[in-house]
Amino acid sequence: MRYLISDIPQGSAKGFNQSFSESSESLGFTEGEICIEGKVEGHLKLWRERAIVTIQGEISVNVSLQCCRCLAGVMMSLYPVLTLRCFPEALIDNDLHETGEVSPEDDIYTYAGMFLDIRPIVREQLLLAVPPYSYCRSDCYGLCVVCGQDLNRVKCGCSATRSDSRFVARQHLKPTFRITKHG
14 MRYLISDIPQ
24 GSAKGFNQSF
34 SESSESLGFT
44 EGEICIEGKV
54 EGHLKLWRER
64 AIVTIQGEIS
74 VNVSLQCCRC
84 LAGVMMSLYP
94 VLTLRCFPEA
104 LIDNDLHETG
114 EVSPEDDIYT
124 YAGMFLDIRP
134 IVREQLLLAV
144 PPYSYCRSDC
154 YGLCVVCGQD
164 LNRVKCGCSA
174 TRSDSRFVAR
184 QHLKPTFRIT
194 KHG
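Read in the working numbering, the sequence shown has 163 at position 150, and its numbers run on one by one without any break.
If you want it as structure tokens, here you go:
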């Protein structure tokens with residue numbers, strides 16, 4: 014997934030299509046980031062306008078996540094769609110925002126030299142596609158805050174009301190002031 018810039022055709026009509034199937038290790042994922050099940054697959058179209066390379070496409074991957082309420086395993090399929098532009102580092106030194114070539118909303122990546130390696134780009138797009146919270150189901154009850162029991166499996170019988178242990182010592186204090194209305 015490394016391309017010689019001069020081999021990428023000029024213009025979107027002449028762009029070339031590229032399908033890929035990569036392992037999580039080849040994309041630089043390490044244990045503890047996200048657990049990818051199987052291969053990362055995708056279909057991309059690449060073209061350039063002068064030295065600016067545009068990449069459009071879709072990636073598909075199955076990831077194993079953890080429910081944020083009950084900690085059960087969750088298998089999720091992600092299909093991030095991407096449209097981004099890659100600029101040579103020398104061109105970024107000039108202020109592209111002032112010339113109107115780039116808007117602040119654009120996904121901008123840079124490359125150095127004569128090659129463009131899209132593995133780091135695919136890796137970043139996958140990390141951005143992972144939801145911040147995942148649920149095993151929409152009505153997940155989570156864990157009991159008292160005993161830690163999974164409430165989706167067993168109703169534990171612990172008190173539904175809980176007190177904040179930081180304020181237990183204040184329960185026996187009486188108010189020493191009185192609020193009065195002046196009017």
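Yeah, the Cβ is synthetic: ideal placement off N, Cα and C, and Gly gets one too.
### Task
Can you check the stretch 18-79 for any alpha helix (DSSP H) of at least 4 residues that lies completely inside it and give the ranges in chain order?
none
### Query
Looking at the structure shown, is Ile134 part of a helix, part of a strand, or coil, going by DSSP?
helix
### Query
If Cys83 and Asp163 are in contact, beta carbons under 8 Å, what's the gap, nearest whole angstrom?
5 Å
### Message
With a threshold of 8 Å, are at least 3 pairs of Cβ atoms found where one atom belongs to the stretch 154-173 and the other to the stretch 34-52?
### Response
no
### Query
Closest to Tyr92 by CA distance: which of Leu59, Val66, Glu62 and Gly55 is it?
Gly55
#### Entry: Nearest-angstrom Cβ-Cβ length linking Glu50 and Ser77, presumed shorter than 8 Å
6 Å
### Message
Restricting to Cα atoms, I'd like to know which of Ile21, Phe180 and Ala85 is closest to Arg150.
### Response
Ala85
### Message
Since Ile65 and Val53 should fall inside the 8 Å C-beta cutoff, what is the C-beta to C-beta distance between them, to a whole number of angstroms?
### Response
With a Cβ gap of about 25 Å, Ile65 and Val53 do not count as contacting.
### Query
With respect to the beta strand (DSSP E) encompassing Ser91, which residues constitute its N-terminal and C-terminal limits?
Per the sequence shown, residue 91 should be read as Leu rather than Ser. Taken as a continuous stretch (DSSP letters only), the beta strand (DSSP E) holding Leu91 covers Gly86 to Leu91.
#### Entry: 7 Å Cβ shell around Gly70 - same chain, five flanking residues per side excluded
Gly55, His56, Leu57, Lys58 and Leu95
### Task
Closer than 7 Å by C-beta to Asp20: which residues in its own chain qualify, once you throw out the five before and the five after it? Chain order, please.
none
### Query
Would Gly28 be called buried (16 or more neighbouring beta carbons within 10 Å of its own) or exposed?
buried
### Query
To the nearest whole angstrom, what separates the beta carbons of Ile68 and Ile131, a pair I think is in contact under 8 Å?
7 Å
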